[in-house]
Amino acid sequence: MHQFFPHIITYVHHIHLACWNKQQPYALHITDCLAFRLQKLRNTAITRANSACLPMGDRLDFKYNSVNEGDERKGGHGIPKVSMVPLIFLIFYEVSGGPFGIEDSVKASGPLLAIVGFLVFALIWSIPEALITAEMGTMFPENGGYVVWVSSALGPFWGFQQGWAKWLSGVIDNALYPVLFLDYVKSSVPALGGGLPRTLAVLILTVALTYMNYRGLTIVGWVAVFLGVFSLLPFFVMGVIAIPRIEPSRWLQMDLGSVNWGLYLNTLFWNLNYWDSISTLAGEVENPKRTLPRALSYALVLVVGGYLYPLITCTAAIPVVREQWSDGYFSDIARILGGIWLHSWIQGAAALSNMGNFLTEMSSDSYQLLGMAERGMLPEFFARRSRYGTPLIGILFSAFGVILLSWMSFQEIIAAENYLYCFGMILEFIAFIKLRMTHPNASRPYKIPLGTIGAVLMIISPALLIVVVMALASFKVMAVSIMAMIVGFVLQPCLVYVEKKRWLRFSISADLPDLSDSQEAAENDTVPLTF
Numbered sequence: 002m003h004q005f006f007p008h009i010i011t012y013v014h015h016i017h018l019a020c021w022n023k024q025q026p027y028a029l030h031i032t033d034c035l036a037f038r039l040q041k042l043r044n045t046a047i048t049r050a051n052s053a054c055l056p057m058g059d060r061l062d063f064k065y066n067s068v069n070e071g072d073e074r075k076g077g078h079g080i081p082k083v084s085m086v087p088l089i090f091l092i093f094y095e096v097s098g099g100p101f102g103i104e105d106s107v108k109a110s111g112p113l114l115a116i117v118g119f120l121v122f123a124l125i126w127s128i129p130e131a132l133i134t135a136e137m138g139t140m141f142p143e144n145g146g147y148v149v150w151v152s153s154a155l156g157p158f159w160g161f162q163q164g165w166a167k168w169l170s171g172v173i174d175n176a177l178y179p180v181l182f183l184d185y186v187k188s189s190v191p192a193l194g195g196g197l198p199r200t201l202a203v204l205i206l207t208v209a210l211t212y213m214n215y216r217g218l219t220i221v222g223w224v225a226v227f228l229g230v231f232s233l234l235p236f237f238v239m240g241v242i243a244i245p246r247i248e249p250s251r252w253l254q255m256d257l258g259s260v261n262w263g264l265y266l267n268t269l270f271w272n273l274n275y276w277d278s279i280s281t282l283a284g285e286v287e288n289p290k291r292t293l294p295r296a297l298s299y300a301l302v303l304v305v306g307g308y309l310y311p312l313i314t315c316t317a318a319i320p321v322v323r324e325q326w327s328d329g330y331f332s333d334i335a336r337i338l339g340g341i342w343l344h345s346w347i348q349g350a351a352a353l354s355n356m357g358n359f360l361t362e363m364s365s366d367s368y369q370l371l372g373m374a375e376r377g378m379l380p381e382f383f384a385r386r387s388r389y390g391t392p393l394i395g396i397l398f399s400a401f402g403v404i405l406l407s408w409m410s411f412q413e414i415i416a417a418e419n420y421l422y423c424f425g426m427i428l429e430f431i432a433f434i435k436l437r438m439t440h441p442n443a444s445r446p447y448k449i450p451l452g453t454i455g456a457v458l459m460i461i462s463p464a465l466l467i468v469v470v471m472a473l474a475s476f477k478v479m480a481v482s483i484m485a486m487i488v489g490f491v492l493q494p495c496l497v498y499v500e501k502k503r504w505l506r507f508s509i510s511a512d513l514p515d516l517s518d519s520q521e522a523a524e525n526d527t528v529p530l531t532f
């Protein structure tokens, strides 16, 4: 009990001031206030008593020690934090990595719909998702990211479901990049097209890149900068070479009757989502309340421009045979336009770009598990860091998932991850709107300049898109995805039971503010907490 004495004195002081300001008799409330606060001390690692007498809607103003105090260039573990330029390219690789894999959009629909599709999807999906990430990521600048957003609005059960769906989606996504890498290099090394050599190559790549993640996020960030420049530069050169051959009439080719809508929408959706993934690294970012919104805006321009530039130039520079536009076709176009040297450069850029995608996705997935453990949603050992400040257990879990899922085909991977990702995005949209309604005056370092009605209107188009993508999923993908979500529904109560029985240790990081206030509001929005 003695460890509570300093907190009791502080709470008596705050409660006295708060109740005095509300002109309520102090003696009538001190017993209840102290009992309530002591109970919260027993149940959480850190508790805030500021504004104890204010309604819930006005009290959500979290203070993050790692953000507001001390040296912002280093985290609590003495590890340098991620600055602006690496953060831009981390976002770039979380979302894109370059125009590798967008060829299927032309195969599915032709040049016109492919170009228009990337423009329209950027407007109705990428921009709203990036804006929500900027607002919520600066409101909760910690490694739990979107898990914390949903937990604060809907409670810990749905927060865990968000974390499960997004982590599984991310691991499935990461299983794609060794496949894409080998698809690009198999023309030069035919033995990597299948069988044991391909399996061994996947294992070697996964182990090597997992080790790089283990060595530190700042290393991953600067590697992403190098890979990003190297991957985009050959497309700029190819576009310049293509200019004399451009025939604008080729852009207008379209046959609505032959459009493969499932492949078309999944390709666009896959290439323009995951903007929220960077939120799980917010606790590792230097001054995230200022840096994160700017980095998202710069990355948005880089991603969309990186798609449209080669699509516009290449579809007009050579005759379009839709059947030829599949994974790796840009390297064939490079051979036609520039010769073997440009072909080899594109292939090398594609291979390295997939490695960049793998590195950043694994970072996001592993830090998400760390953030969930710091919030007490996962056992404490997930929150342990290596000597390089990296989440070792999270990295190992993510790498193991990648290896297990590497047998899936390209189209199956895209469809499965899109379905799970859509489920997570539905929870994010609900949390975003609910926090706008229940906590309108909460501190938001960056706030989308829209009211509640405007925010609802902004997410209507993305929500409809989610419904369409999920409806177009095959029965196999739908069944597997629903089974995966059911696992999450069962897993969370099991973990709660394990914690209750004390079979594993769960704890909440003392560096993080208490979310119990907002979770109580999520359970009962109509009853403000007063003393």
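Residue 2 is where the sequence shown starts when you use the working numbering, and the numbers rise one by one after that.
Backbone N, C-alpha and C define an ideal beta-carbon position, used for all residues, glycine too.
Only a predicted model underlies this, so the values are computations on that prediction, with no experimental measurement involved.
Apart from the 5 residues on each side of it in sequence, ALA192 sits with its Cβ closer than 6 Å to the Cβ of PRO198 in its chain, given in chain order.
Secondary structure note for PRO112: its alpha helix (DSSP H) is the uninterrupted segment 112 to 122.
Three or more beta-carbon pairs drawn from the stretch 433 to 441 and the stretch 147 to 158 are found closer than 8 Å, and the two stretches are therefore classed as touching. A Cβ-Cβ distance of about 5 Å is found for the pair THR361 and GLU95, placing them in contact under the 8 Å criterion. Under DSSP, ARG376 shares a beta bridge with ILE509.
Rounded to the nearest whole angstrom, the C-alpha separation of TYR265 and VAL83 is 35 Å.
Per the Cβ contact rule, the stretch 340 to 348 is not in contact with the stretch 122 to 134 (fewer than 3 Cβ pairs under 8 Å). With fewer than 16 other Cβ atoms inside 10 Å of its own Cβ, TRP262 counts as exposed. For VAL286, the three-state secondary structure derived from DSSP is strand. Looking only at ARG506, GLY171 and SER327, the smallest Cα-Cα distance to ASP184 is reached by SER327. Cα atoms of LEU201 and VAL172: separation of roughly 19 Å, rounded to the nearest angstrom. The way I'd put it, the stretch 292 to 304 does touch the stretch 134 to 151; three or more beta-carbon pairs between them come closer than 8 Å.
DSSP places SER399 in the uninterrupted alpha helix (DSSP H) bounded by 393 to 406.
SER280 and THR134 have their C-alpha atoms spaced approximately 7 Å apart. Taking 9 Å as the cut-off, the Cβ atoms of SER508 and GLY329 do not count as close. If you ignore the 5 residues before and after GLY284, its C-beta comes within less than 6 Å of the C-beta of GLU143 and ASN144, all in its own chain and listed in chain order. Residues of the same chain with a CB within less than 8 Å of the CB of GLU324, apart from the 5 flanking positions on each side, are LYS108 in chain order. Per DSSP, the unbroken alpha helix (DSSP H) holding THR211 starts and ends at 196 to 215. Boundaries of the alpha helix (DSSP H) harbouring LYS501: 476 to 502, taken from the DSSP string.
Residue range 330 to 339 is occupied by the alpha helix (DSSP H) that includes ASP333. Spanning the alpha carbons of GLY229 and PHE236 requires a straight line of approximately 12 Å. In this structure, the straight-line span from the alpha carbon of ASN267 to that of LEU181 is close to 16 Å.
Relative to the Cα of ASN214, the nearest Cα in the group ILE460, GLU248 and ILE396 belongs to ILE396. Leaving aside the five residues that flank PHE90 on each side, the residues in its chain whose CB is nearer than 6 Å to its CB run, in chain order, ALA225, VAL226 and GLY229.
Using a 10 angstroms sphere on the CB of PHE382, the tally of other CB atoms stays under 16, which defines it as exposed.
LEU393 and PRO514 have their C-alpha atoms some 24 Å from each other. Residue burial is scored here from C-beta neighbours: LYS167 has at least 16 other C-beta atoms within 10 angstroms and is therefore classed as buried. For LEU114, the closest of SER387, GLY339 and ILE313 by C-alpha to C-alpha distance is ILE313. By the neighbour-count criterion, in which a residue is buried when 16 or more other Cβ atoms sit within 10 angstroms of its Cβ, LYS477 is exposed. Judged by DSSP in its simplified three-state form, SER189 adopts coil rather than helix or strand.
In the structure shown, the three-state DSSP call for ILE449 is coil.
Here the alpha carbons of GLY217 and ARG386 stand approximately 10 Å from one another. Secondary structure of PHE182 (DSSP, three-state): helix.
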